[in-house]
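*Asks:* Heads up: the sequence shown begins at 17 in our numbering, then just goes up one per residue.
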Amino acid sequence: SKTRHFKWEVGYVFRSPDCVERPVMGINGQFPGPTIRAKAGDTLHVELTNKLTTEGVVIHWHGIRQFGTPWADGTASISQCVINPEETFVYRFKVDKAGTYFYHGHYGMQRAAGLYGSLIVDVAEGEKEPFDYDGEFSLLLSDWWHQSVQEQEAGLSSVPFRWIGDPQSLLMNGRGQYNCSLASSFAVAGSNVTTGQGGPCRFLGHEDCAPQILSVLSNRTYRLRLASATSLHSLNFAVASHKLVVVEADGNYVQPFAVDDLDIYSGESYSVLLTTDQNPAANYFISAGVRGRHSNTTQALTILNYKPNPPLKSPTSPPPITPRWDDFDRSRQFSLKIRALVGRSPKPPRKSDRRIVLLNTQNTVDGVVRWSINNMSLALPATPYLGSIKYRLKHAFDGAPPPETFPENYNITRPPANLNSTIGNRVYQLRLNSTVDVVLQNANAMKENNSEIHPWHLHGHDFWVLGYGEGRFAAAEAEKHFNLDDPPSKNTAAVYPYGWTAVRFVADNPGVWAFHCHVESHLHMGMGSVFAEGVHRVGRIPGEAIACGLTARMKLAAAEDE
Ligand code: C2O
Ligand code: CU
């Protein structure tokens, strides 16, 4: 294994991700940021300099567990202080497990500003994947607004609430088409679902918004690595006329299964195998469309190009049709197909030591719309938890334990009877090496008959997804149906409208870890929790990670004492 060095500068660049020019947060002038490719066991050394002149920044390595390096997790106010303009922070950590990952900003809403990129970890030298393929492509999916993140954020925290609305486009590897369509010749009167606005696209291929074409040979098998960094949307991915065999989810092998399309939530990644067994005289559409919300955002399209056809030759058949946005049964059915590849994936302990039930609600605090977990809406403290817990600093955050569950009489099928919630920053302290079950309980939002999908993501661990259910979680009944034989290991799992999702993990990674909804605006509005375990075992935290808030004062006081 080796150490791979990167020198990155984060700054705004003008780009036209969807053919409309806007400032985008880029790395070394690139958007999306550079793709990192490494082998399992390698150490990544990323020297990150903040060249934004009026904002701090941090980068989170989504799906990398950071064993022994919790300060490199890149979560503002949790694992480190933000990197101020002109400051440099070194992220140095091991990528211990092969898989498809990505990285993104984790301060404010910088992911929505375009701060993300792919992180691919190949198997270690001499190791083999449990499947074969002839070539591979990776597609990082995202959504994109023409309004700035500042405008979006101001709307979220104003009274009355102002919602930014649907993203203008969906991007694949940072490329989408807003004012033209690759499928305009398939236009159906009265439907903009597949064809978008504007006429046909005319690309030479070098434009920012020219689609990333996947050029393939006939009768081969390709691995497509998919990851979703969307800020809002749940997506459905499909390749016209081709089956997709799912083999990896969130950096873990799964029992292979074939589908025509798959749902992918923000924070998730998949590898699928595609065999080029269709008529080689044609090209085919690849699409990602919106699921889970009623949306005007047009599906993203690119082309599967059978060589030697011209790459931009229009497919002869129309793009795949995205399944109905509110067919949640279909979503659940897909989730249930994901099973661990027995023998290549760890098995869960049969029992857990503790169960935490987290009720997801939409509320208001002083008239501001917020999301809350067991009636606490997360607002992060000025001093990052990792340092304040390790050095036992008083008053860095509210030390009282947050509730383990929610009141018996809470009706999840109705808008909250009492809208008021409280802002808080309490932490779930987990006993090191204990087995913890977390049940995410969805509920009605503030509007009648409205409950949204929330993809929950855990830092520092993979969890086993033990089960999904509808309605209110009832332990005795639910446990009978828990999958303890081959539950998939994942780092992100959706909780469906009015339903619950149960996950299990072993708290074996000393550090402080975020657990939150991966919808950027939801997290920003308080939809998250914080777990801490074995922090006394954490090694020496790099000085720059704690050079703010009360930890900075502590260091100053120590220096003056000398
Ligand atoms: Cu990909 Cu805490 O996020
Ligand atoms: Cu959410």
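All C-beta atoms, glycine included, are put in the ideal place defined by N, C-alpha and C. Keep in mind the model is a prediction, meaning the values are calculated, not measured.
(1) Compare the beta carbon distance of SER285 and ASP159 with 9 angstroms and say whether it is the shorter of the two.
(2) What distance in whole Å lies between the Cβ atoms of ALA518 and VAL455, which are believed to be in contact at a cut-off of 8 angstroms?
(3) Looking at ILE428 and GLN457, is the spacing between their C-beta atoms short of 9 angstroms?
(4) Kindly examine the ligand C2O and report whether one of its heavy atoms sits closer than 8 angstroms to the Cβ of LEU456.
(5) Would you mind reading off the limits of the alpha helix (DSSP H) that contains THR567?
(6) Where does TRP179 land, buried or exposed, given buried means 16+ other C-beta within 10 angstroms?
(7) Short check: CB of LEU131 to CB of VAL26, under 9 angstroms?
(8) Assess, as a yes-or-no matter, whether the region 165-181 is touched by the region 289-305 under the definition of 3 or more beta carbon pairs within less than 8 angstroms.
(9) Since VAL381 and THR421 are thought to touch, with beta carbons under 8 angstroms apart, how far apart are those beta carbons, to the nearest angstrom?
(10) Here's a check: name, in chain order, each residue in its chain whose Cβ is nearer than 6 angstroms to the Cβ of GLY190, leaving out the five neighbours to either side.
(11) Are the CB atoms of LEU156 and MET125 nearer to each other than 9 angstroms?
(12) Starting from the C-beta of LEU539, find all residues in its chain whose C-beta is less than 7 angstroms away, skip the five residues before and the five after it, and write them out in chain order.
(13) Under 8 angstroms: does the beta carbon of ALA490 sit that close to some heavy atom of the ligand C2O?
(14) Evaluate the contact criterion for the region 50-57 versus the region 137-154: three or more CB pairs, one atom per stretch, below 8 angstroms.
(15) Compare the Cα-Cα distances from VAL270 to each of PRO504, LEU135, ARG430 and ALA199 and report the closest residue.
(16) On the DSSP bridge assignment, give the partners of ASN66 in chain order.
(17) Compare the beta carbon distance of SER667 and ALA316 with 9 angstroms and say whether it is the shorter of the two.
(18) Between which two residues does the alpha helix (DSSP H) holding LYS496 run?
(19) Count the other C-beta atoms from every protein chain shown that fall within 10 angstroms of the C-beta of GLY214, then say buried if there are 16 or more, exposed otherwise.
(20) Checking 9 angstroms against the spacing of the C-beta atoms, do ALA459 and THR332 come in under that value?
(21) Would the beta-carbon of HIS122 be found less than 8 angstroms away from any heavy atom of the ligand CU?
(22) My output table needs one value for GLU536: the three-state DSSP class, helix, strand or coil.
(23) Do SER174 and VAL384 have their CB atoms nearer than 9 angstroms?
(24) Using 10 angstroms around the beta-carbon of LYS110, count the other beta-carbons present and answer buried if the total reaches 16, otherwise exposed.
(25) Could you tell me whether the region 218-233 touches the region 306-322, where touching means 3 or more Cβ pairs closer than 8 angstroms?
(26) What residues in its chain sit with their C-beta under 6 angstroms from that of THR19, if we drop five residues either side in the sequence?
(27) Rounded to whole angstroms, how far is the Cβ of GLU468 from the Cβ of ARG127, which I believe are closer than 8 angstroms?
(28) Can you list, in chain order, the residues of its chain with a C-beta nearer than 7 angstroms to that of GLY45? Leave out the 5 residues immediately preceding and following it.
(29) Ignoring anything shorter than 3 residues or poking outside the region 304-333, list the beta strand (DSSP E) runs there in chain order.
(30) Assuming contact is defined by CB atoms lying nearer than 9 angstroms, are SER287 and LEU251 in contact in what I supplied?
(31) Is it the case that the CB of MET543 approaches a heavy atom of the ligand CU more closely than 8 angstroms?
(32) Tell me the DSSP secondary structure of TRP480 in three-state form.
(33) With a threshold of 8 angstroms, establish whether the CB of CYS533 neighbours any heavy atom of the ligand CU.
(34) Would you say TYR123 lies against chain B (beta-carbon separation less than 9 angstroms)?
(35) Once you ignore the five residues that flank ASN208 on each side, which residues in its own chain have a CB closer than 6 angstroms to its CB?
(36) If you drop the 5 nearest sequence neighbours on each side, which residues of the same chain put their C-beta closer than 6 angstroms to that of HIS258?
*Replies:* Taking the geometry as given:
(1) no
(2) So it is a contact: roughly 5 angstroms between Cβ atoms.
(3) yes
(4) no
(5) 565-577
(6) exposed
(7) yes
(8) no
(9) About 21 angstroms; that fails the 8 angstroms criterion.
(10) PRO33, PHE47 and PRO48
(11) Taking 9 angstroms as the Cβ cut-off, LEU156 and MET125 do not qualify as a contacting pair.
(12) HIS532 and CYS533
(13) no
(14) yes
(15) Taking the Cα of VAL270 as reference, the smallest distance to any Cα among PRO504, LEU135, ARG430 and ALA199 is reached at PRO504.
(16) VAL26
(17) Coverage of the chain is limited to positions 17 through 578, which leaves residue 667 absent and any answer about it impossible.
(18) 491-496
(19) Under this definition GLY214 is an exposed residue.
(20) One thing to note: ALA459 has its Cβ no nearer than 9 angstroms to the Cβ of THR332.
(21) Incorrect: HIS122 has no Cβ contact closer than 8 angstroms to the ligand CU.
(22) GLU536: helix per DSSP, three-state reduction.
(23) yes
(24) It is buried - the Cβ of LYS110 has at least 16 other Cβ atoms within 10 Å.
(25) yes
(26) Cβ within range, chain order: THR59 and HIS61.
(27) So it is not a contact: roughly 19 angstroms between Cβ atoms.
(28) Closer than 7 angstroms at Cβ, skipping near neighbours: VAL29.
(29) 316-322
(30) no
(31) Yes, the beta carbon of MET543 sits closer than 8 angstroms to at least one heavy atom of the ligand CU.
(32) In the displayed model, TRP480 falls within a strand according to three-state DSSP.
(33) yes
(34) Of the chains in the structure shown, none is chain B; there is only one protein chain.
(35) Note that ASN208 has pLDDT 47, beneath the 50 cutoff, so the model's placement of it is unreliable and no number is given.
(36) LEU290
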